[in-house]
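In order, the protein sequences belong to chains A and B.
Start counting the first sequence at 5; every next residue gets the next number (my numbering).
Start counting the second sequence at 406; every next residue gets the next number (my numbering).
Backbone N, C-alpha and C fix where the C-beta goes; we use that ideal spot for every residue, glycine too.
Please read all numbers here as calculations on a predicted model, not as lab measurements.
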Amino acid sequence: MGIKSKDIISAVDLTREDVEEILSQAEVMLGHLERKKRLNKLQGKILATLFFEPSTRTRLSFESAMTRLGGSVIGFSGTEGTSVQKGETLTDTVKNIEKYCDCIVMRNPYEGSARLVSQAVDVPVINGGDGSNQHPTQALLDLLTIKVEKGLKKLKVALCGDLKYGRTVHSLIYLLPMFGIDVSLVSPKALSMPGWIMEDIEGKYGISPEIYESMDDVISWVDVLYVTRIQKERFPDPNEYERVAGSYSVDNRLLKKAKHDMMILHPLPRVNEIKPEVDDTPYARYFKQSFYGVSLRMALLDLLMGTGGSD
Amino acid sequence: MTEGLKVTRIKDGTVLDHLPAGSALDILDILHVDSKHPIIIAMNVGSSKQGTKDIIKIEKKLLSKKETDEIGLFAPHVTINIIKNQKVHGKRHVKMPDELSGLLVCPNKKCITNKEVCETKFVRNGSKYKCYFCERHFSIDDFKVS
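Shown next as structure tokens:
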């Protein structure tokens with residue numbers, strides 16, 4: 005295994021070489037997945053999925069990936085019935101669970117929780133989302149989708165929606181510039197990308213992403229429109245939410261102005277930000293993106309627990 | 406009364422001068438001085454340089470580099486004098502430390518370090534500090550001493 009860390013905690017930790025290795029392995033896995041081939045690479049290994057917050061895609065795609073690799077899964081979704089409800093600390097919980105498994109995937113509402121857990125245990129830890137901070141495996145699968153569908157070249161990608169609290173965009177914004185991809189940001193002012201991330205990106209890559217407030221400003225020239233959900237609870241005034249959410253919605257009217265080969269990605273779940281009428285257009289790739297997520301997670305599990313070889 | 410406040414000299418130890426007015430008690434928190442060390446504190450005294458200032462004199466204590474750097478965080482214009490036989494024997498200069506462990510509380514309420522009992526850690530990134538756990542960047546004004 006070549007990736008430097010034993011854990012996948014934050015996109016900030018990953019080097020271009022790490023990302024290339026993960027994506028290359030994910031493409032190998034994608035071939036197996038498309039042929040529905042079940043592998044035995046992780047036979048006898050156990051993955052623990054610890055989801056302190058609800059998750060559909062991340063948890064199930066990790067479980068699917070582990071099963072496809074011949075391994076087994078234990079875990080929980082929600083804290084009901086666990087010792088966390090009795091007041092056990094996170095550190096104590098994971099120190100016990102590491103004795104039952106070979107790798108931990110965790111989602112927790114507290115920011116930095118995955119980093120703390122990675123220090124407490126010896127088994128590899130994968131961050132499945134820590135509050136508004138990071139969701140590195142989602143960003144990696146987003147990048148895999150772009151690579152497979154378009155190739156990693158000089159593309160223009162617009163990150164849209166809730167850029168303040170959205171953990172997927174907080175990860176993705178660190179990976180795109182590694183490959184020379186141009187990033188633009190589209191959000192209401194109240195949900196703009198945090199200043200410290202903008203400063204960090206400028207320090208790391210010497211770039212300052214362009215900022216827009218409307219999808220209309222970018223739709224005619226972007227290659228990838230990355231849409232995220234704007235959550236009602238982020239707005240103290242419900243009228244303001246209705247006004248803002250309406251203007252961040254993708255429909256066929258907006259797409260009339262798009263490049264013919266533009267594609268739309270979304271980490272899902274969506275609510276109203278992409279109209280169902282868009283699903284059947286050639287622009288929509290968000291369900292395919294979910295599929296790529298399984299191969300990406302197969303690659304990660306194999307790199308962290310297995311041999312990382314090509315078959 | 407027109408004369409300035411007269412603060413007794415110490416024989417051997419450390420004098421922290423030009424501390425921001427009102428900061429002396431917070432600075433003492435950083436130093437964790439115990440009852441072995443006699444301490445003289447003067448607060449809100451006149452200063453030609455900065456209007457008002459605080460002064461701390463600690464008998465029989467030399468500061469470590471870590472303590473010196475940590476004081477510099479909250480008092481960037483501090484003058485640290487090493488005293489031997491009632492005379493200034495040397496001066497220490499402060500600079501922003503590259504790493505701070507266990508000293509500061511993360512201002513991000515959603516940071517795991519505010520939920521679990523664990524040592525905080527901040528890494529310098531230019532003029533700001535990045536929380537090793539939640540990854541947010543903060544300026545010194547955002548912090549309070551733990």
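Inter-stretch contact (C-beta, 8 Å, three-pair minimum) for the segment 496–505 of chain B and the segment 434–450 of chain B: no
Three-state class that DSSP yields for Met309 of chain A in the structure shown: For this step, residue 309 of chain A is matched to residue 305 along the first sequence. Correct three-state label for Met309 of chain A: helix.
Whole-angstrom C-beta distance between Glu540 of chain B and Asn137 of chain A, which should lie under 8 Å: On the first sequence, position 133 is the one that residue 137 of chain A refers to. On the second sequence, position 135 is the one that residue 540 of chain B refers to. Their Cβ separation, rounded to whole angstroms, is 6 Å, which keeps Asn137 of chain A and Glu540 of chain B in contact under 8 Å.
Three CB pairs or more closer than 8 Å across the segment 148–155 of chain A and the segment 121–134 of chain A: no
C-alpha distance - Val254 of chain A paired with Ser175 of chain A, whole-angstrom precision: Taking the first residue of the first sequence as position 1, residue 254 of chain A is located at position 250. Taking the first residue of the first sequence as position 1, residue 175 of chain A is located at position 171. Taking the straight line joining both Cα atoms gives about 23 Å.
Beta-carbon contacts of Ser532 of chain B that lie in its chain and below 8 Å, excluding the five residues immediately before and after: As a first step, residue 532 of chain B is located in the second sequence; it is residue number 127 there, counting from the start. The beta carbon of Ser532 of chain B sits closer than 8 Å to the beta carbons of Met501 and Ser544 from its chain, once the five residues preceding and following it are set aside; these are given in chain order.
First and last residue of the uninterrupted beta strand (DSSP E) at Asn486 of chain B: In the second sequence, the residue the question calls residue 486 of chain B occupies position 81. Looking at the DSSP string, the run of the beta strand (DSSP E) that includes Asn486 of chain B is Thr484 to Lys489.
For Lys492 of chain B: DSSP bridge partner residues: By 1-based counting over the second sequence, the position of residue 492 of chain B is 87. Bridge pairing for Lys492 of chain B: B:Lys489 [DSSP].
Per-residue DSSP class, three states only, for Leu167 of chain A: Taking the first residue of the first sequence as position 1, residue 167 of chain A is located at position 163. Here Leu167 of chain A sits in coil by DSSP.
Proximity below 9 Å, CB of Ser191 of chain A to CB of Glu217 of chain A: As a working note, residue 191 of chain A is residue 187 in the first sequence. As a working note, residue 217 of chain A is residue 213 in the first sequence. Closer than 9 Å, so yes.
Within-9 Å CB hit, Thr141 of chain A to chain B: In the first sequence, residue 141 of chain A corresponds to position 137, counting from 1. Not one chain B Cβ lies under 9 Å of Thr141 of chain A.
Terminal residues of the beta strand (DSSP E) in which Gly477 of chain B lies: Working through the second sequence from its first residue, we reach residue 477 of chain B at position 72. Note, Gly477 of chain B: premise wrong, no beta strand (DSSP E); alpha helix (DSSP H) at Lys470 to Phe479.
N-terminal and C-terminal residue of the beta strand (DSSP E) that Val129 of chain A is part of: Within the first sequence, numbered from 1, the residue matching residue 129 of chain A stands at position 125. Val129 to Asp134 is the span of the beta strand (DSSP E), which, as asked, contains Val129 of chain A.
Cβ pair count under 8 Å reaching 3, the segment 178–188 of chain A against the segment 57–75 of chain A: no
CA nearest to the CA of Asp417 of chain B, picked from B:Lys514, B:Ile488, B:Lys496 and B:Asn530: To locate residue 417 of chain B, count along the second sequence from 1; it is residue 12. Among B:Lys514, B:Ile488, B:Lys496 and B:Asn530, the Cα nearest to that of Asp417 of chain B is on B:Ile488.
Residue-chain proximity (Phe548 of chain B, chain A), Cβ-Cβ < 9 Å: The residue you call residue 548 of chain B lines up with position 143 of the second sequence. Chain A contact via Cβ: absent.
Between the CA atoms of Leu51 of chain A and Glu102 of chain A - distance to the nearest angstrom: Here residue 102 of chain A corresponds to residue number 98 of the first sequence, with the count starting at 1. Here residue 51 of chain A corresponds to residue number 47 of the first sequence, with the count starting at 1. When rounded, the distance between both Cα atoms is 10 Å.
Contacts of Leu144 of chain A in chain B (Cβ-Cβ under 9 Å): The residue labelled residue 144 of chain A in the question sits at position 140 within the first sequence. Result: empty, since nearest Cβ-Cβ is about 17 Å, beyond 9 Å.
Partners in chain A for Tyr537 of chain B, counting only beta-carbon separations shorter than 9 Å: Taking the first residue of the second sequence as 1, we reach residue 537 of chain B at position 132. Those within 9 Å of Tyr537 of chain B in chain A are Gly116 and Arg119.
Between the CA atoms of Leu259 of chain A and Pro271 of chain A - distance to the nearest angstrom: For the purposes of this step, residue 271 of chain A is identified with residue 267 of the first sequence, where counting begins at 1. For the purposes of this step, residue 259 of chain A is identified with residue 255 of the first sequence, where counting begins at 1. When rounded, the distance between both Cα atoms is 19 Å.
Candidates B:Val510, B:Val528 and B:Phe538: closest to Glu115 of chain A by CA position: In the first sequence, counting from the first residue as 1, residue 115 of chain A sits at position 111. Considering only alpha carbons, the answer is B:Phe538.
Beta-carbon neighbours of Leu94 of chain A, restricted to chain B and to distances below 8 Å: Counting from 1 along the first sequence, the entry for residue 94 of chain A is found at position 90. Here the neighbours are Ile517, Lys520 and Glu521.
Proximity to Gly427 of chain B [Cα-Cα], best of B:Asn530, B:Ile460 and B:Asp474: Residue numbering aside, residue 427 of chain B sits at position 22 when the second sequence is read from its first letter. When only C-alpha atoms are compared, the closest one is B:Ile460.
Inter-stretch contact (C-beta, 8 Å, three-pair minimum) for the segment 508–521 of chain B and the segment 109–123 of chain A: The segment 508–521 of chain B, when compared against the segment 109–123 of chain A, does touch it at the 8 Å Cβ threshold.
Supposed close pair Thr419 of chain B, Leu468 of chain B - CB separation, criterion 8 Å: Taking the second sequence and counting its residues from 1, the one referred to as residue 419 of chain B is at position 14. Taking the second sequence and counting its residues from 1, the one referred to as residue 468 of chain B is at position 63. Thr419 of chain B to Leu468 of chain B, Cβ: 6 Å. Contact.
Gly531 of chain B at chain A interface by Cβ criterion, 9 Å: As a working note, residue 531 of chain B is residue 126 in the second sequence. Closer than 9 Å: yes.
Whole-angstrom C-beta distance between Cys164 of chain A and Tyr252 of chain A, which should lie under 8 Å: Here residue 252 of chain A refers to the residue found at position 248 when the first sequence is read from its first residue. Here residue 164 of chain A refers to the residue found at position 160 when the first sequence is read from its first residue. The C-beta distance from Tyr252 of chain A to Cys164 of chain A rounds to 7 Å, short enough to meet the 8 Å contact threshold.
Buried or exposed (CB count within 10 angstroms, at least 16 for buried), Ala194 of chain A: In the first sequence, the residue the question calls residue 194 of chain A occupies position 190. Exposed: under 16 other Cβ atoms inside 10 Å.
Whole-angstrom distance between Glu25 of chain A and Leu4 of chain A, CA atom to CA atom: Since the displayed chain A opens at 5 and closes at 315, residue 4 of chain A lies outside it and no answer follows.
Residues of its chain near Met406 of chain B, where Cβ-Cβ distance is below 6 Å and the 5 sequence neighbours each way are ignored: Within the second sequence, residue 406 of chain B is the residue found at index 1, counting from 1. Its pLDDT being 41, under 50, Met406 of chain B is placed unreliably in this model, and the coordinates cannot settle the point.
Short CB-CB distance (under 9 Å) between Thr407 of chain B and chain A: What you label residue 407 of chain B is simply residue 2 of the second sequence in a count that begins at 1. For Thr407 of chain B, the pLDDT reaches just 45, beneath the cut-off of 50, and the residue's location in the model is therefore unreliable, leaving the point undetermined.
Residue environment, Phe291 of chain A, which counts as buried when at least 16 other CB atoms sit within 10 Å: Within the first sequence, numbered from 1, the residue matching residue 291 of chain A stands at position 287. So Phe291 of chain A ends up on the exposed side.
Proximal residues to Met33 of chain A (C-beta, below 6 Å), its chain only, five neighbours per side dropped: Residue 33 of chain A sits at position 29 when you count from the first residue of the first sequence. Cβ within range, chain order: Ser299, Met302 and Ala303.
Chain-order list of residues whose beta-carbon lies under 7 Å from that of Leu167 of chain A (same chain, five-residue window excluded): In the first sequence, the residue the question calls residue 167 of chain A occupies position 163. These residues qualify, in order along the chain: Val173, Leu189, Ser191, Leu195, Ser196 and Met197.
Spatial neighbours of Ile446 of chain B in its chain, beta-carbon cut-off 6 Å, leaving aside the 5 residues before and after: Position 41 of the second sequence, counting from 1, holds the residue named residue 446 of chain B. These residues qualify, in order along the chain: Ala429 and Ile461.
For Met266 of chain A, the three-state DSSP class (helix, strand or coil): If you number the first sequence from 1, residue 266 of chain A lands on position 262. In the three-state DSSP reduction, Met266 of chain A falls in the coil class, being neither helix nor strand.
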